[in-house]
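UniProt numbering puts the first residue of the sequence shown at 1, with every later residue one more than the last. Built from N, CA and C at the ideal position, the CB exists for glycine as well.
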Amino acid sequence: QYGFVNHALELLVIRNYGPAVWEDIKKEAQLDEEGQFLVRIIYDDSKTYDLVAAASKVLNLNAGEILQMFGKMFFVFCQESGYDTILRVLGSNVREFLQNLDALHDHLATIYPGMRAPSFRCTDADKGKGLILHYYSEREGLQDIVIGIIKTVAQQIHGTEIDMKVIQQRNEECDHIQFLIEEKESKEEDYYEDLDRFEENGTQESRISPYTFCKAFPFHIIFDRDLVVTQCGNAIYRVLPQLQPGNCSLLSVFSLVRPHIDISFHGILSHINTVFVLRTKEGLLDVEKLECEDELTVTEISCLRLKGQMIYLPEADSILFLCSPSVMNLDDLTRRGLYLSDIPLHDATRDLVLLGEQFREEYKLTQELEILTDRLQHTLR
Numbered sequence: 001q002y003g004f005v006n007h008a009l010e011l012l013v014i015r016n017y018g019p020a021v022w023e024d025i026k027k028e029a030q031l032d033e034e035g036q037f038l039v040r041i042i043y044d045d046s047k048t049y050d051l052v053a054a055a056s057k058v059l060n061l062n063a064g065e066i067l068q069m070f071g072k073m074f075f076v077f078c079q080e081s082g083y084d085t086i087l088r089v090l091g092s093n094v095r096e097f098l099q100n101l102d103a104l105h106d107h108l109a110t111i112y113p114g115m116r117a118p119s120f121r122c123t124d125a126d127k128g129k130g131l132i133l134h135y136y137s138e139r140e141g142l143q144d145i146v147i148g149i150i151k152t153v154a155q156q157i158h159g160t161e162i163d164m165k166v167i168q169q170r171n172e173e174c175d176h177i178q179f180l181i182e183e184k185e186s187k188e189e190d191y192y193e194d195l196d197r198f199e200e201n202g203t204q205e206s207r208i209s210p211y212t213f214c215k216a217f218p219f220h221i222i223f224d225r226d227l228v229v230t231q232c233g234n235a236i237y238r239v240l241p242q243l244q245p246g247n248c249s250l251l252s253v254f255s256l257v258r259p260h261i262d263i264s265f266h267g268i269l270s271h272i273n274t275v276f277v278l279r280t281k282e283g284l285l286d287v288e289k290l291e292c293e294d295e296l297t298v299t300e301i302s303c304l305r306l307k308g309q310m311i312y313l314p315e316a317d318s319i320l321f322l323c324s325p326s327v328m329n330l331d332d333l334t335r336r337g338l339y340l341s342d343i344p345l346h347d348a349t350r351d352l353v354l355l356g357e358q359f360r361e362e363y364k365l366t367q368e369l370e371i372l373t374d375r376l377q378h379t380l381r
């Protein structure tokens with residue numbers, strides 16, 4: 001994982017207990033890291049676990065207490081790192097904030113390649129009291145961080161005090177933990193209603209043909225209850241000719257990256273307000289070969305990620321996946337056989353791709369500067 005987690009833990013100890021205690025913790029963890037942890041450098045997960053175990057011993061606190069303290073500190077670290085504004089606009093309340101966390105993580109994954117972020121989704125608790133937060137992570141034993149972060153977010157951003165506890169733990173390949181979240185003083189008991197019940201207007205016939213729709217929305221896929229593709233956009237069809245309408249299953253071409261659910265028609269409907277990310281299966285996309293030592297990077301390059309929204313079409317009893325290619329820069333785009341002209345003018349992905357081109361160079365310089373600064377600080381000690 002990237003160093004911002006370890007760096008935030010370092011700040012927690014130094015600000016609350018002093019630099020000497022942090023050095024004791026590093027010695028206890030048998031870490032020979034010189035200087036501070038760097039935000040843009042990837043460290044092995046084992047270092048984080050070792051640091052938490054060492055901090056628990058040195059500070060004489062259990063790991064759960066330390067992780068909750070870390071959760072609070074991580075929120076402060078995010079604020080100080082310039083993410084304060086984006087955290088505040090994720091949602092007007094705790095539920096909306098949590099529902100949009102995956103979208104934020106997916107965006108950050110384009111800034112920090114290879115980042116393996118957790119995934120979150122919300123469901124209603126029984127009898128409408130509170131909500132259940134489903135937390136998926138490859139890393140075990142870090143659920144107390146989630147409690148610390150979310151309690152702090154609720155208090156600092158939404159002015160709400162919440163009770164939060166683990167109600168179910170499951171040992172699966174992808175760790176799935178459920179939290180019950182209840183507001184201590186909820187002023188919005190009747191705020192959440194079923195937003196999917198719209199009065200259908202059947203008097204107006206369709207005025208747009210499939211041909212025009214496919215041209216206007218070059219990145220879309222429509223599939224039925226059996227997950228058979230019935231229509232797709234021009235750009236997708238050009239790079240993935242396997243998507244023959246009526247003869248191709250969605251599962252034969254794509255795997256689901258987010259959210260962490262078994263892909264089915266009913267499963268998608270139950271997460272209709274969640275951002276979806278689909279990735280083509282290996283070997284289907286004709287991409288330019290690129291020499292790369294990192295196996296994970298090679299896998300990502302050989303696939304096309306599509307990020308977007310699932311929309312239920314009641315008149316056809318089908319689902320429309322309205323999406324955009326998830327790419328970092330122009331090289332990512334052209335390597336997959338796509339062009340800037342494939343992205344419609346109304347799609348903000350155009351701007352993001354061009355900004356990503358500029359950001360890539362700035363990121364390299366920032367990374368090099370961070371490493372150089374740390375070396376200089378270490379030399380002057």
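When you compare only the Cα positions, how much space is there between residue 417 and Asp286? No information on residue 417 is available, as it lies outside the stretch 1 to 381 that the chain covers here.
Beta-carbon spacing of Leu108, Phe120 below 8 angstroms: Position 108 of the sequence shown holds residue 108. Position 120 of the sequence shown holds residue 120. No, the Cβ-Cβ distance between Leu108 and Phe120 is not below 8 angstroms.
His107, DSSP secondary structure in three states: Along the sequence shown, one-based indexing puts residue 107 at 107. Correct three-state label for His107: helix.
DSSP on Pro325, reduced to helix/strand/coil? As a working mapping, residue 325 is identified with position 325 in the sequence shown. Looking at Pro325 - three-state DSSP - the assignment turns out to be strand.
Distance, Tyr312 Cα to Asn201 Cα: Residue 201 sits at position 201 when you count from the first residue of the sequence shown. Residue 312 sits at position 312 when you count from the first residue of the sequence shown. Note that Asn201 scores a pLDDT of 44, beneath 50, so its modelled location is shaky; the value from the coordinates is reported in the next line. Cα to Cα, Asn201 sits roughly 15 angstroms from Tyr312.
Taking all protein chains shown into account, do 16 or more other C-beta atoms lie within 10 angstroms of the C-beta of Tyr211, making it buried, or fewer, making it exposed? Counted from its first residue, the sequence shown places residue 211 at position 211. Tyr211 should be labelled exposed.
Taking 8 angstroms as the cut-off, decide whether the C-beta atoms of Leu250 and Phe213 are in contact. Position 250 of the sequence shown, counted from the first residue, corresponds to residue 250. Position 213 of the sequence shown, counted from the first residue, corresponds to residue 213. For Leu250 and Phe213, no; Cβs fall outside 8 angstroms.
Which one of Arg225, Gly91 and Glu23 has the shortest CA to CA distance from Glu315? Reading the sequence shown from its first residue, position 315 is the one you call residue 315. That would be Arg225, whose Cα lies nearest to the Cα of Glu315.
Assuming Gln30 is part of the beta strand (DSSP E), what are its boundary residues? Here residue 30 refers to the residue found at position 30 when the sequence shown is read from its first residue. Note, Gln30: premise wrong, no beta strand (DSSP E); not H, not E.
Contact the stretch 87-97 vs the stretch 136-154: 3+ CB pairs below 8 angstroms: yes
Would the stretch 333-343 count as touching the stretch 226-239 if we require 3 or more Cβ pairs under 8 angstroms? yes
According to DSSP, simplified to helix, strand and coil, what is Gly308? Numbered from 1 along the sequence shown, position 308 holds the residue referred to as residue 308. Here Gly308 sits in strand by DSSP.
Cα-Cα separation, Asp32 to Gly64: Position 32 of the sequence shown, counting from 1, holds the residue named residue 32. Position 64 of the sequence shown, counting from 1, holds the residue named residue 64. Answer to the nearest angstrom: the Cα atoms are 25 angstroms apart.
Proximity of Pro218 and Asp342 at Cβ, strictly below 8 angstroms: The count along the sequence shown starts at 1 and reaches residue 218 at position 218. The count along the sequence shown starts at 1 and reaches residue 342 at position 342. Yes. Within cutoff.
Under the three-state DSSP convention, the category Asp163 falls into: For this step, residue 163 is matched to residue 163 along the sequence shown. Reduced to three states, the DSSP call for Asp163 is strand.
Please report how far the alpha carbon of Pro118 lies from the alpha carbon of Lys129, in whole angstroms. Taking the sequence shown and counting its residues from 1, one reaches residue 118 at position 118. Taking the sequence shown and counting its residues from 1, one reaches residue 129 at position 129. Each residue's alpha carbon lies about 25 angstroms from the other.
Along the alpha helix (DSSP H) that carries Tyr237, what are the first and last residues, could you check? As a first step, residue 237 must be located in the sequence shown, where it is residue number 237. Segment Asn234 to Val239, the alpha helix (DSSP H) holding Tyr237.
Could you please give the first and the last residue of the uninterrupted beta strand (DSSP E) stretch that includes Cys122? For the purposes of this step, residue 122 is taken as residue 122 along the sequence shown, with counting starting at 1. Ser119 to Asp124 is the span of the beta strand (DSSP E), which, as asked, contains Cys122.
Could you check whether the stretch 73-87 touches the stretch 3-14, counting it as contact only if at least three pairs of C-beta atoms, one from each stretch, sit closer than 8 angstroms? yes
Which of the three DSSP states, helix, strand or coil, is assigned to Ile86? The residue labelled residue 86 in the question sits at position 86 within the sequence shown. Helix at Ile86.
C-beta atoms of Phe321 and Ile221 nearer than 8 angstroms: In the sequence shown, the residue the question calls residue 321 occupies position 321. In the sequence shown, the residue the question calls residue 221 occupies position 221. Yes; because the gap between Cβ atoms is below 8 angstroms, this pair is in contact.
Endpoints, the beta strand (DSSP E) within which Tyr135 is located: The count along the sequence shown starts at 1 and reaches residue 135 at position 135. Note, Tyr135: beta strand (DSSP E), Leu131 to Ser137.
Which residue wins for smallest C-alpha separation from Ile162, given the options Gly141, Arg139, Arg88 and Leu131? Position 162 of the sequence shown, counted from the start, is the residue given in the question as residue 162. When each option's Cα is compared against that of Ile162, the closest is Leu131.
How would you label Ala20, buried or exposed, when you count the other beta carbons within 10 angstroms and need 16 or more for buried? Here the question's residue 20 lines up with position 20 in the sequence shown. Exposed, because fewer than 16 other Cβ atoms sit within 10 Å of the Cβ of Ala20.
Considering only the beta carbon of each residue, do Gly3 and Leu38 sit closer than 8 angstroms? As a position in the sequence shown, residue 3 is number 3, starting the count at 1. As a position in the sequence shown, residue 38 is number 38, starting the count at 1. Against a cut-off of 8 angstroms, the Cβ pair of Leu38 and Gly3 comes out as a contact.
If distances are taken between C-alpha atoms only, which option among Ala29, Ile41 and Asp44 comes closest to Ala53? Here residue 53 refers to the residue found at position 53 of the sequence shown. Looking at the Cα atoms, Ala29 is the closest of the given residues.
Applying the 10 Å Cβ sphere with the 16-neighbour rule, what's the burial state of Val275? Here residue 275 refers to the residue found at position 275 of the sequence shown. Answer is buried; the Cβ neighbour count reaches 16.
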